[in-house]
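Residue numbers (the working numbering), protein chains in the order written: chain A, 11 to 214; chain B, 11 to 214; chain C, 11 to 214; chain D, 11 to 214. In what follows, a single structure is set out as structure tokens and then discussed.
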């Protein structure tokens with residue numbers, strides 16, 4: 011398979027490149043104008059760069075009429091519209107988190123929000139000291155999931171920046187006499203690269 | 011409603027009695043031969059006593075042909091058979107834990123066990139220093155749920171006895187790169203009494 | 011011993027009254043003008059009321075020239091000065107938390123802040139949904155302890171309000187490659203009453 | 011500095027080699043008979059191999075009359091005697107864990123065990139699914155620390171093997187009404203290599 015990876019020098023993108031190569035895919039690496047191993051045809055674009063690369067990403071997808079797998083967070087409203095426009099022409103999978111565990115967590119959170127009436131909900135996310143945006147895209151997604159299912163509920167979201175934590179999401183449901191806490195902890199960045207590549211392989 | 015409560019002087023049973031009275035039910039309290047407020051007709055029997063009271067409990071249910079709500083743990087195989095026999099004549103709800111949170115936890119655990127292939131599973135339950143039986147009935151139930159869904163999995167169960175903890179159940183699903191932990195904490199014994207009484211009211 | 015308890019109908023104050031009586035002390039209960047069991051001489055005043063009662067509390071201490079044990083939080087700067095003035099005439103013990111565990115936690119936090127250079131520190135405190143002030147007095151004390159010892163450190167404090175949590179304080183020290191978390195959980199309000207009464211007995 | 015590293019191909023040993031080289035030390039790597047970059051003089055020996063290498067390790071230390079920094083666990087009584095004998099001729103630092111956080115944890119645990127009378131203590135350690143020995147050397151050390159200080163206390167130790175956890179140690183002190191939990195989490199194996207190298211540099 012021929013894969014173009016945007017953000018190929020970044021934290022997650024570089025793992026996507028390494029993992030894709032180890033699975034014998036042809037990889038074209040792109041990062042802020044820098045390109046390695048130019049490919050004439052592309053089967054799928056994987057994007058772990060920044061919102062500012064959106065134009066280039068969309069251009070490449072349209073040129074090759076190939077699907078996009080994106081893990082970029084922080085898009086503004088206009089950029090989200092561009093992405094939506096693209097999705098009418100090619101397949102687009104855009105997620106804040108590609109780990110299997112977070113996928114399951116979203117299902118569970120939705121189930122609990124549907125069933126736990128008159129409980130309250132708090133989300134605590136922890137990431138490495140240097141992480142700039144807060145709350146994390148995943149925390150926002152989880153809070154949205156709870157709010158959609160449980161209209162009477164305001165969800166407090168707390169962002170902790172400590173050490174070199176790779177990502178910990180805690181959802182606390184409380185009521186009189188009992189508490190349920192769901193915790194997802196990432197211990198390797200590879201789970202995000204692995205999950206994104208699985209999606210790329212399935213939709214290409 | 012007329013309710014007979016076995017184990018009426020016990021930790022949970024005494025709360026059932028208090029709660030039922032506050033909801034204007036007529037309560038006949040029974041504890042090791044001691045009886046308070048004899049009632050001529052019984053709509054439902056609630057049992058938070060010990061396995062040794064089984065004969066009396068079954069006798070009263072049959073005499074009034076009324077349902078049984080039982081939170082008694084520690085029955086042997088023969089006693090479980092007696093209970094099963096009773097369930098062919100009257101409605102029987104027998105659970106190790108009547109809290110809403112633990113009910114939800116069981117559903118979630120089943121969902122995860124169905125979906126998380128090649129993950130491992132560990133259960134840690136914590137109760138007050140004096141609690142005699144280990145592991146807790148709820149931990150056994152949760153471990154059984156996982157094993158049923160995930161035949162390749164041995165579930166380690168750890169029992170911690172510390173302080174005056176009312177009940178904490180932690181289910182840890184782990185794999186390479188990520189971990190999901192579900193935690194239920196009971197902060198008031200009332201949740202067990204409340205849950206049992208709700209069941210009693212609905213099946214009487 | 012003769013004890014006057016302000017806030018005698020409150021959450022903690024009512025437990026101080028009950029506990030003091032069970033230890034055969036004579037208790038004069040005071041709450042918003044209401045007085046029960048007037049005593050002619052007072053050996054110690056215990057205060058779990060509100061800042062607004064300060065004038066009455068100080069007046070009684072001066073009248074009997076007796077020590078004060080206070081667990082009141084939320085004083086303004088002027089009220090703290092009044093308290094400081096009182097402390098020049100009678101013994102005053104004013105703490106945001108009288109549990110033995112929190113006392114130990116403060117010592118540990120101080121020890122860690124002295125030794126963990128280039129680590130970061132975050133405090134998360136959880137209390138019942140209804141609790142009005144945030145962060146808790148204990149969290150403020152802990153943050154101050156860390157800041158005093160570790161001048162280069164800003165301590166983030168998060169306040170979670172969930173269920174009926176009696177009080178949980180978590181101090182997270184993080185650095186590259188490792189994390190230390192200290193957690194204190196209160197499971198009974200009696201520890202605050204017990205601790206305050208022990209202090210009252212020792213200084214009266 | 012000239013350093014000989016036993017277990018140079020192992021999990022921690024390989025990081026010691028890489029880190030030492032990055033700090034411009036000369037490194038002689040040794041692993042099960044294999045030797046790379048033979049050095050004529052050795053300033054310090056660092057050992058993260060297995061108990062079976064003890065004879066070679068001791069031999070090299072005596073030959074160069076240089077100190078030993080050892081992170082090997084699982085020695086039998088006789089081997090510990092050999093190590094004790096060596097320590098009469100050269101400096102020997104033998105620890106189950108070289109992270110700064112675990113060092114602090116031991117001090118804190120000792121402080122708590124001295125002060126928390128009539129509390130109970132439980133230790134829970136979590137490591138990767140494949141780890142063979144249980145409980146971990148660090149958990150044994152922590153349990154010994156508590157027992158030494160608090161003769162009346164039996165310390166329960168639980169070992170969880172889950173996912174690819176690098177090492178998590180939890181010490182729970184409980185009593186009526188409150189709990190203190192200390193948790194150390196290792197998120198990078200480098201902290202063990204880093205700590206051992208710091209000791210090696212200071213004693214060489």
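Built from N, CA and C at the ideal position, the CB exists for glycine as well.
Proximity test, Cβ basis, 9 Å: residue i and chain A
i: residue 187(C); result: yes
i: residue 50(B); result: no
i: residue 58(B); result: no
i: residue 182(C); result: yes
i: residue 83(B); result: no
CB contact below 9 Å: residue i versus chain D
i: residue 196(C); result: yes
i: residue 118(B); result: no
i: residue 139(B); result: yes
i: residue 148(C); result: no
Test item: CB-CB of residue i and residue j under 9 Å
i: residue 13(C); j: residue 55(C); result: yes
i: residue 148(B); j: residue 106(B); result: yes
i: residue 38(D); j: residue 211(D); result: no
i: residue 9(D); j: residue 100(D); result: Beyond the ends of chain D as shown, which are 11 and 214, falls residue 9(D); an answer cannot be given.
i: residue 57(B); j: residue 82(B); result: yes
i: residue 136(B); j: residue 169(B); result: yes
i: residue 187(B); j: residue 19(A); result: no
i: residue 165(B); j: residue 191(B); result: no
i: residue 16(B); j: residue 59(B); result: yes
i: residue 152(C); j: residue 29(C); result: no
i: residue 209(B); j: residue 103(B); result: yes
i: residue 41(D); j: residue 74(D); result: no
i: residue 126(B); j: residue 110(A); result: yes
i: residue 130(D); j: residue 84(D); result: no
i: residue 195(A); j: residue 178(A); result: yes
i: residue 78(C); j: residue 96(C); result: yes
i: residue 9(C); j: residue 88(C); result: Any property of residue 9(C) remains undetermined from this structure, which presents chain C solely from 11 to 214.
i: residue 167(C); j: residue 145(C); result: yes
i: residue 34(C); j: residue 61(C); result: no
Residue-chain proximity (residue i, chain C), Cβ-Cβ < 9 Å
i: residue 29(B); result: no
i: residue 154(D); result: no
i: residue 20(A); result: no
i: residue 93(D); result: no
Chain B contact for residue i (CB, 9 Å cutoff)
i: residue 213(A); result: no
i: residue 69(D); result: no
i: residue 192(A); result: yes
Along the segment 108-135 of chain B, what residues have a CB closer than 9 Å to any CB found in chain D?
129, 130, 131, 132, 134
Within the segment 61-102 of chain B, ranges of the alpha helix (DSSP H) (whole runs, at least 4 residues)
64-74, 87-96
Select from the segment 162-176 of chain A all residues with a C-beta closer than 8 Å to any C-beta belonging to chain D, and list them in chain order.
173, 174, 175, 176
Sequence ranges, beta strand (DSSP E) only - wholly within the segment 105-152 of chain B, length at least 3:
130-137
Using a Cβ cut-off of 7 Å, which residues of the segment 197-209 of chain C contact any Cβ in chain D, in chain order?
197, 198, 200, 201
Count the CB pairs spanning the segment 25-33 of chain B and the segment 190-207 of chain B that are closer than 8 Å, and state whether there are at least three.
yes
I'd like to know if the segment 170-188 of chain C and the segment 166-176 of chain A are in contact, where contact means that at least 3 CB-CB pairs between them fall below 8 Å.
yes
Quick test of the definition: if touching needs 3 or more C-beta pairs under 8 Å, does the segment 109-118 of chain D touch the segment 128-146 of chain D?
no
With a floor of 3 residues, list each beta strand (DSSP E) that falls wholly inside the segment 181-207 of chain B, ordered by position along the chain.
188-196
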